[in-house]
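> Structure incoming, see below.
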Amino acid sequence: MLATLKNPIKKLPTPISGISAEVTVQNMKWEHAVFWHNHVQPLIDGNYQHYQSNIPEENVRADVGWNWKSNYLYAIAHTCSTPFPGNHSGPARALIVGVRTKQGGEVPLGMLTVVPKFFCRVAATSETCSFAWFLSDAPAELYDALQIQPLRKMAMSLLDTAIQSGLDDGTDGQLLLHADPAGGKKLQRFYRDRCKMIQLQDQSDPVSLLRRTGQDEYFYLSSEGSRVFTAQFDAYREPEG
Amino acid sequence: MNAFDNLPTELIGLVLKELTGKTYDVHDANSLASAKSAFKDLLSSPEPEMLQRVIEAILRTSEKTESTSRLPSVELRLMDGPRETEEELLEDLPSRARPVLASQSRTRHQAVSPRELGFEAPAFGPRQPSPSVEQWEEFLLLAEKNIRTLSPYRRNERRNGDRVVLSWEHIAPNHEMVEIQRGQNVATAHFVFESAYVYFILSSEENVIYHSVATIEEADGFAKHVIKAFNGERDSANLALASIREAIAH
Numbered sequence: 037m038l039a040t041l042k043n044p045i046k047k048l049p050t051p052i053s054g055i056s057a058e059v060t061v062q063n064m065k066w067e068h069a070v071f072w073h074n075h076v077q078p079l080i081d082g083n084y085q086h087y088q089s090n091i092p093e094e095n096v097r098a099d100v101g102w103n104w105k106s107n108y109l110y111a112i113a114h115t116c117s118t119p120f121p122g123n124h125s126g127p128a129r130a131l132i133v134g135v136r137t138k139q140g141g142e143v144p145l146g147m148l149t150v151v152p153k154f155f156c157r158v159a160a161t162s163e164t165c166s167f168a169w170f171l172s173d174a175p176a177e178l179y180d181a182l183q184i185q186p187l188r189k190m191a192m193s194l195l196d197t198a199i200q201s202g203l204d205d206g207t208d209g210q211l212l213l214h215a216d217p218a219g220g221k222k223l224q225r226f227y228r229d230r231c232k233m234i235q236l237q238d239q240s241d242p243v244s245l246l247r248r249t250g251q252d253e254y255f256y257l258s259s260e261g262s263r264v265f266t267a268q269f270d271a272y273r274e275p276e277g
Numbered sequence: 003m004n005a006f007d008n009l010p011t012e013l014i015g016l017v018l019k020e021l022t023g024k025t026y027d028v029h030d031a032n033s034l035a036s037a038k039s040a041f042k043d044l045l046s047s048p049e050p051e052m053l054q055r056v057i058e059a060i061l062r063t064s065e066k067t068e069s070t071s072r073l074p075s076v077e078l079r080l081m082d083g084p085r086e087t088e089e090e091l092l093e094d095l096p097s098r099a100r101p102v103l104a105s106q107s108r109t110r111h112q113a114v115s116p117r118e119l120g121f122e123a124p125a126f127g128p129r130q131p132s133p134s135v136e137q138w139e140e141f142l143l144l145a146e147k148n149i150r151t152l153s154p155y156r157r158n159e160r161r162n163g164d165r166v167v168l169s170w171e172h173i174a175p176n177h178e179m180v181e182i183q184r185g186q187n188v189a190t191a192h193f194v195f196e197s198a199y200v201y202f203i204l205s206s207e208e209n210v211i212y213h214s215v216a217t218i219e220e221a222d223g224f225a226k227h228v229i230k231a232f233n234g235e236r237d238s239a240n241l242a243l244a245s246i247r248e249a250i251a252h
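Chains as they are written, first to last, in the numbering used here: chain D, 37 to 277; chain B, 3 to 252.
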């Protein structure tokens with residue numbers, strides 16, 4: 037059984053200053069993907085759209101139409117294919133950031149698949165970096181349905197989780213991701229301005245053997261950048277205080 | 003990722019049956035091991051079409067066999083966290099969950115801003131002069147008028163050192179929360195509306211509004227009245243007001 041992260045986030049802020057809520061970072065189970073597919077994805081698909089120039093940004097989400105059961109299976113398939121000759125990347129992981137239910141399970145509020153040791157040509161100081169493959173944070177409508185306060189920084193906590201999974205696998209914290217164009221400028225601004233990631237140039241070399249186009253849709257965080265990024269969550273890695 | 007640890011074995015068996023025609027007894031250890039091996043072979047096929055077939059078969063089988071469960075019941079476990087500025091509190095919320103601050107124009111529920119009514123005490127910070135009965139009256143009236151979407155509250159209790167912290171969580175979309183902190187000789191309650199803070203202080207200190215609170219149960223009862231008042235129940239609003247009047251009279 038795959039271990040959970042060594043240094044996960046254990047709480048996230050609520051909209052009330054000084055008050056956080058306990059969260060748990062867990063390996064994704066099929067039932068989490070099923071939960072998302074049945075309860076969360078319909079809220080996303082029913083309330084949001086892919087980017088178009090004429091719709092308000094608050095209505096835009098890149099993950100409209102996603103199927104997290106498929107995403108989960110892609111992660112498994114990736115892992116199954118890692119022994120193939122020429123595949124230098126490591127196995128994938130699927131993780132959730134969630135909260136506990138009264139029945140003792142977890143409800144995912146953030147979903148992530150990641151390749152913690154992704155063989156790429158972007159990393160400055162090594163051949164591998166953590167590649168955040170698919171990530172979704174819960175929309176406001178899910179918090180409404182669950183009748184709980186919304187948790188802040190959920191999307192960023194998923195990036196932190198991707199970095200931590202890379203660190204656990206021996207990388208130096210570099211992070212790469214592809215910003216789905218369906219998320220529009222809002223998504224790019226989030227990665228660039230909020231997360232301080234570097235947007236690759238269109239003329240950059242392909243990031244990997246199979247990812248050869250749309251280089252400017254990729255965002256990268258150096259080892260130093262990821263240290264700064266993850267440091268903002270240090271206070272959230274302890275359950276109390 | 004250990005590919006199959008978290009996949010239901012029954013699902014693996016059904017998919018293999020569909021794709022290979024073979025039946026595996028997934029409750030038998032040896033048969034399950036064979037099933038996993040066969041399943042891995044399918045998923046690691048170098049042919050993208052085969053991979054797609056496998057994934058589609060899993061999704062199809064899953065849709066057929068899994069029933070939609072009810073939304074589980076969740077209770078946030080609240081705890082102390084870093085303090086943040088009002089500006090920071092606006093950042094990194096889920097889309098459309100932006101709270102309405104007093105300084106901003108009202109949207110969504112047109113909730114009354116308690117600050118406009120003179121409720122300015124910061125949570126856990128220095129005490130401010132208590133609101134007057136008139137202010138409470140005005141507030142409850144406006145609350146009654148504006149906030150009708152609350153669901154029943156949920157009470158949480160936790161210990162933080164020698165303090166017992168009770169919180170009454172409400173309920174999106176208004177994001178109200180009532181919290182009472184009861185320390186050695188202090189009980190504090192604050193209400194939060196749309197992240198604009200409404201406080202009433204239950205305290206043994208001078209600037210109290212309800213100093214007769216002696217037990218958690220009493221605080222609980224008082225909060226219940228106020229919450230119901232906010233939910234548009236006039237009798238409860240009157241009871242809450244009566245409590246406030248009584249407290250101030252003392």
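Built from N, CA and C at the ideal position, the CB exists for glycine as well.
Kindly indicate if chain D contains any beta-carbon less than 7 Å away from that of I50/B.
Here residue 50/B is Pro; the residue named in the question, Ile, does not match the sequence. No, because no Cβ of chain D sits closer than 7 Å to the Cβ of P50/B.
> Name, going along the chain, the residues of the region 116-146 of chain D whose beta-carbon falls closer than 8 Å to a beta-carbon of chain B.
Listed by position along the chain: C116, S117, P119, F120, P127, A128, R129, A130, V135, R136, T137, K138, Q139, G141 and V143.
> For my contact list, C116/D and S244/D are in at a C-beta cut-off of 8 Å; report their separation, rounded to the angstrom.
Their Cβ separation, rounded to whole angstroms, is 19 Å, which puts C116/D and S244/D out of contact at 8 Å.
> Report the residue from Q139/D, I80/D, I91/D and V150/D whose alpha carbon sits nearest the alpha carbon of S125/D.
Checking every option, the nearest Cα to that of S125/D belongs to V150/D.
> For I91/D, count the other beta carbons within 10 Å of its own beta carbon; 16 or more makes it buried, fewer makes it exposed. Which is it?
Classification of I91/D: exposed, given that the 10 Å Cβ count is below 16.
> Is V70/D close to chain B? Criterion is C-beta to C-beta, closer than 7 Å.
With 7 Å as the cut-off, V70/D counts as an interface residue toward chain B.
> With V143/D as the anchor, note down where its beta strand (DSSP E) starts and where it stops.
It spans E142 to F155 - the beta strand (DSSP E) in which V143/D sits, taken as one unbroken run.
> With DSSP collapsed to three states, give me the class of A168/D.
Strand.
> Assuming S56/D and L131/D make a contact with CB atoms under 8 Å, what is their CB distance in whole Å?
Actually they do not touch by this definition, with Cβ atoms about 20 Å apart.
> Tell me the rounded alpha-carbon separation between G250/D and D180/D.
C-alpha separation (whole angstroms): 37 Å.
> Where E86/B and P49/D are concerned, what is the direct C-alpha to C-alpha distance, given to the nearest angstrom?
The alpha-carbon atoms of E86/B and P49/D are separated by roughly 9 Å.
> In chain D, what lies closer than 9 Å to R55/B by C-beta?
The premise fails here: R55/B is roughly 12 Å from chain D at the closest Cβ pair, so nothing lies under 9 Å.
> Using a Cβ-Cβ cutoff of 8 Å, what residues of the region 188-222 of chain D are near chain B? List them in chain order.
Residues passing the 8 Å Cβ filter: R188, K189, M190, A191 and M192.
> Exposed or buried, E253/D, counting other C-beta atoms within 10 Å across all chains shown (16 or more means buried)?
Buried, because 16 or more other Cβ atoms sit within 10 Å of the Cβ of E253/D.
> Just verifying my parser: in three-state terms, what is the DSSP assignment at I184/D?
Three-state result, I184/D: coil.
> Suppose you measure from the CA of T266/D to the CA of I45/D; what does that come to, to the nearest Å?
Cα to Cα, T266/D sits roughly 10 Å from I45/D.
> What are the boundary residues of the alpha helix (DSSP H) that includes E58/D?
Note, E58/D: premise wrong, no alpha helix (DSSP H); beta strand (DSSP E) at I55 to E58.
> Take the Cβ of V133/D as the centre, count every other Cβ of all protein chains shown within 10 Å, and call the residue buried at 16 or more, exposed below.
Label assigned to V133/D: buried.
> Check each candidate in Q85/D, M192/D, G206/D and G141/D and name the one with the smallest Cα separation from E163/D.
Of the listed residues, the one whose Cα sits closest to E163/D is G206/D.
> Distance, Cα to Cα, E49/B vs N103/D?
The straight-line gap from Cα to Cα measures roughly 22 Å.
> Strictly below 7 Å CB to CB, what residues from chain B border L109/D?
Simply I57 and I60.
> Is S75/B close to chain D, meaning its C-beta is less than 7 Å from at least one C-beta of that chain?
Output row for S75/B: interface = yes.
> Counting only the same chain and skipping the five closest in sequence on each side, list residues whose C-beta sits under 7 Å from that of L18/B.
These residues qualify, in order along the chain: K24, Y26, A37, A40 and F41.
> Whole angstroms are fine: how far does the CA of I184/D sit from the CA of I14/B?
If I take the Cα positions, the gap works out to 35 Å.
> Report the residue from T40/D, K42/D, K47/D and A39/D whose alpha carbon sits nearest the alpha carbon of P275/D.
Residue K47/D is the option with its Cα nearest to P275/D.
> Check whether the region 208-215 of chain D and the region 163-179 of chain D are in contact - that is, three or more C-beta pairs closer than 8 Å.
Yes, since at least three Cβ pairs between the region 208-215 of chain D and the region 163-179 of chain D fall closer than 8 Å, the two stretches touch.
> Using the beta-carbon of each residue, which ones in chain D are nearer than 7 Å to L78/B?
Under the 7 Å cutoff, chain D gives A57, V135, I184 and Q185.
> Please say whether V158/D and Y256/D have beta carbons closer to each other than 7 Å?
Yes, Cβ-Cβ distance for Y256/D and V158/D is below 7 Å.
> Taking 7 Å as the limit between beta carbons, can you name the residues of its chain near N123/D, skipping five residues before and five after?
S117.
> Given V76/D, which residues of its chain have a CB within under 7 Å of its CB, disregarding the five upstream and five downstream residues?
A174 and L178, listed in sequence order.
> Smallest Cα separation from G101/D: which of Q237/D, E93/D, A113/D and Y87/D?
When only C-alpha atoms are compared, the closest one is Y87/D.
> Give a yes or no on whether the minimum CB-CB distance between S262/D and chain B is below 7 Å.
No, S262/D lies away from the interface with chain B (no Cβ there is under 7 Å from its Cβ).
> May I ask you to list the residues that DSSP assigns as paired with L80/B?
According to DSSP, which records beta bridges pairwise, L80/B is partnered with A57/D.
> Taking the alpha helix (DSSP H) that R225/D falls in, what are its first and last residues?
Run containing R225/D: G220 to R225, per the alpha helix (DSSP H) assignment.
> In the DSSP assignment, find the alpha helix (DSSP H) that holds H114/D and state where it starts and stops.
That run of the alpha helix (DSSP H) goes W104 to S117.
> Are the C-beta atoms of T67/B and some chain D residue less than 7 Å apart?
It does not: the Cβ of T67/B has no partner Cβ on chain D nearer than 7 Å.
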